[in-house]
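For the first sequence, the positions run 3 to 517 when the numbering used here is used.
Here's the structure, in structure tokens; my notes come after.
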Amino acid sequence: MLRANVNHSKKQMTQQAVRVRFAPSPTGGLHIGGVRTALYNYLLAKKLGGKMLLRIEDTDQTRFVSGAEEYIIEALSWVGITIDEGVGVGGPHEPYRQSERKEIYQKYSQQLLDEDKAYYAFDTSEELDAMRQTFESQGSAFQYNAITRLKLSNSLTLSPEDLKAKLDAGVPYVIRLKIPAKDEVRFKDLIRDWVHVHTSTLDDKVLMKSDGMPTYHLANVVDDHLMEISHVIRGEEWLPSAPMHVLLYRAFGWESTMPQFAHLPLLLKPEGNGKLSKRDGDLGGFPIFPLEWTNPDGSKAKGFREEGYLKEAMVNFLVLLGWNPGTEQELFSMEELIETFTLERINKSGAKFDINKAKWFNQQYLKNYPDEDLARMYLPNYETDTALKIVHLFKERVTFPQEIGEEATALFATPETYDEAIVAAKWNDDAKRGITAFKDALPSIENFLAEDIKHTLHEELEKLGIKMGKIMQMLRVALTGAGAGPDLMLSMEIIGKKEVIARLEKAILQLTVIS
RNA sequence: GCUCGGUUAACCAAAUUGGCUAAGGUACUUGUCUUUCUAACAAGCAAUUGCGGGUUCGAGUCCCGUACCGAGUACCA
């Protein structure tokens, strides 16, 4: 290959073009952890002027779910990750769907077979399961390795004639990697530093399944090599099999151009320990998927996008799950992230998935969102002028943009009930006199604007010698039913003169009857 | 069981060649806002860094032991 010229200094290695890949399998909605993995890949690619590839790992035909691939592409595009090469885009290494690359894997597994680095194995799943059980009952674990393979049904133990007979007869087989009995594998993980493992603890992993498809292990090594991937950035769950992947690169003679590895910390459950799962989302009432996902049976799983999470907040939240800039900055645009991101600053320990943090980021971004956009998107049924006032009134007090619409609806609804605790504490003679006087003065206000309303309230209360603080909360209850809320003067301006008067009349009447 | 990882306040989390007083956020408490508040702003409270040893002038950081938690251990990725 053209890359033959490579076994030299590290410096030259790092100057090699940066090419990273996101390689999900289309088995359903994309887990939010996958989005983070994609994001880290993307950030590294952009930072170093490299390419981001999307490869679909659909080698498990039994788990394939239609629609998942489109979903993945849409999810990535939602958060702003653009693909330079791969499924949906094309590129020089097509196809990018592993199911369409079968012959390639067959060719390479045949190469390993020819070089005696892999072998045919005819043991059935049932036989192996039984074997595992036996071992387990004896307190040890079954391994298909240098020792046991000599007692099992494979091309190492079968005579050439028997082997040929089985193959000719079409007996199902898998191809396994022949892991050396005694050897040390070590590789440098960009996040975890040197990892070493003795080959005696590894087992002869299946490379090709009996259905003719490769396993993840073979497919990802072959493809990463062929697609000239420079950095493999993936979840920690792959760390245990990484040594075996190194062995595969070695077996193919590709070790000198092997990509660098970076195994990302896990996304942990919000409570307790363990990997974040779909169930945790149901339990905590939050999504686990970026976009709403519809299962083949029609059932739906919620998505962050539909729940009202802004994509900027999502990115910011996700990027900080396992990475930090080392400064006190917490809000980052995608551009700033591309600038600041480094693999070196990813930490090793798992990151707790704290949905409150996601909400906090959403609030921060919502606050800075242009009023005009929010008004147009979430208050389409209001006049522009009114809509802008409503947005201004609520956007710093809510977490999700759609809440602005809900708050607006509530604002225009005459209260049916009044906060009892506050009525009990604050509804007294002064409150009644003050509010009545204020109400009676309202018709004379020409421009029903917050400033003028405030001015009138001041005047009326001054005449009566009542302090503003004494009745403000009661006034709010009379108008909205609730003891807390946004700026009251602006609220009244939006509600409108007629309705404010009507509500006050109603409240005075009802509350007087109650007390 | 075995292999590989992790453990810093109530919670999240930083301290990346061992080096000033162990960041920051959330929550909580208090104050300010002559107009309330669940908002905003300000201040405050909170950690012998899982535990036990060791190396060192100096350890969250390195070494040994131990406890707990996780990941992997499939013809799934």
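By construction, the Cβ of each residue, glycine as well, lies at the ideal position given by its N, Cα and C atoms.
Would you mind reading off the limits of the alpha helix (DSSP H) that contains residue i?
i	result
I75	A70 to V81
R103	Counting along the chain, R103 falls outside any alpha helix (DSSP H), and DSSP gives it neither H nor E.
V197	V197 -> not in any alpha helix (DSSP H); beta strand (DSSP E) instead, spanning D195 to H200.
V224	Y218 to L228
S493	L490 to I497
N318	K313 to V321
L204	Note, L204: premise wrong, no alpha helix (DSSP H); not H, not E.
A253	A244 to F254
G407	Q404 to L413
Q63	Run containing Q63: none; DSSP gives neither H nor E here.
Q331	Unbroken run through Q331: none, as it is neither H nor E.
K166	P162 to A171
Should residue i be labelled buried (16 or more other beta-carbon atoms within 10 Å of its own) or exposed?
i	result
H227	buried
N7	Any reading at N7 must be qualified, since the residue scores a pLDDT of 33, below 50, and its modelled position is unreliable; the value itself is stated next. Burial call: exposed.
V234	buried
H460	exposed
W196	exposed
V515	exposed
M470	exposed
H200	exposed
H198	exposed
R505	buried
L285	exposed
K12	In this prediction, K12 has a pLDDT of 39, which is less than 50 and means its spatial position is unreliable; what the coordinates show is noted afterwards. Exposed is the call here.
S493	buried
K184	exposed
L339	buried
G255	exposed
K119	buried
V20	buried
K180	buried
G498	exposed
V22	buried
L4	With a pLDDT of 33 at L4, under the threshold of 50, the predicted position of this residue should be treated as unreliable, though the coordinate-derived value follows. By the neighbour-count rule (16 or more Cβ atoms within 10 Å), L4 is not buried but exposed.
Kindly indicate which residue of the options has the alpha-carbon position closest to the one of residue i.
i	options	result
W429	N318, A480 and I447	A480
L490	R478, K500 and A484	R478
A487	R21, L158, Q63 and A412	Per the sequence presented here, residue 487 reads as Gly, with Ala not at that position. Checking every option, the nearest Cα to that of G487 belongs to A412.
K500	K434, K180, F355 and D442	D442
L511	Q366, I74, F319 and K434	K434
Q100	A221, F288 and I392	A221
K359	K391, T388, T386 and F288	F288
Y384	D454, I496, E273 and P292	I496
K277	A353, V248 and M474	A353
A410	A377, D431 and D421	A377
F414	L160, I424, T388 and P97	T388
L323	G436, R23, G35 and I473	G35
R347	M336, G328, L333 and E341	G328
T419	K508, L368 and E341	K508
I177	N156, R65 and R23	N156
L450	L463, I503 and A423	Per the sequence shown, residue 450 should be read as Phe rather than Leu. Measuring from the Cα of F450, the nearest candidate turns out to be I503.
S79	K119, Y44, Y98 and A439	Y44
T296	I74, F334 and K369	I74
E59	K48, Y122 and Y218	Y218
P174	K397, E273 and T126	T126
Can you tell me where the beta strand (DSSP E) with residue i in it begins and where it stops?
i	result
L451	Careful: L451 lies outside any beta strand (DSSP E) and carries neither H nor E.
R521	Beyond the ends of the chain as shown, which are 3 and 517, falls residue 521; an answer cannot be given.
V379	Note on identity: in this sequence residue 379 is Met, with Val being the wrong assignment. Unbroken run through M379 is the alpha helix (DSSP H), D373 to Y380; no beta strand (DSSP E).
V208	V208 to M210
Give me the DSSP bridge partner(s) of residue i.
i	result
T296	K302
K53	R21
K280	Bridge partners of K280: none, in fact.
R236	H265
K354	L270
L179	A120
N156	A123
F396	F396 is not bridged to any residue.
E87	L55
I348	W325
G92	G88
F526	No information on residue 526 is available, as it lies outside the stretch 3 to 517 that the chain covers here.
Can we say the region 110–118 touches the region 133–152, given the rule of at least three CB pairs closer than 8 Å? Proximity of the region 110–118 to the region 133–152 falls short of the contact definition, fewer than three beta-carbon pairs being nearer than 8 Å.
Check whether the region 70–90 and the region 55–62 are in contact - that is, three or more C-beta pairs closer than 8 Å. yes
Pair every Cβ in the region 199–219 with every Cβ in the region 158–169, then say whether three or more of these pairs are closer than 8 Å. no
At least three beta-carbon pairs within less than 8 Å, the region 306–320 to the region 396–413: yes
Using 8 Å as the Cβ pair cut-off and three pairs as the minimum, do the region 68–77 and the region 24–41 touch? In short, these stretches touch, since the Cβ pair count reaches three.
Touch check for the region 177–192 and the region 248–264: three-plus C-beta pairs under 8 Å? yes
Given 8 Å as the limit, is there contact between the region 350–370 and the region 315–326, that is, 3 or more CB pairs closer than that? yes
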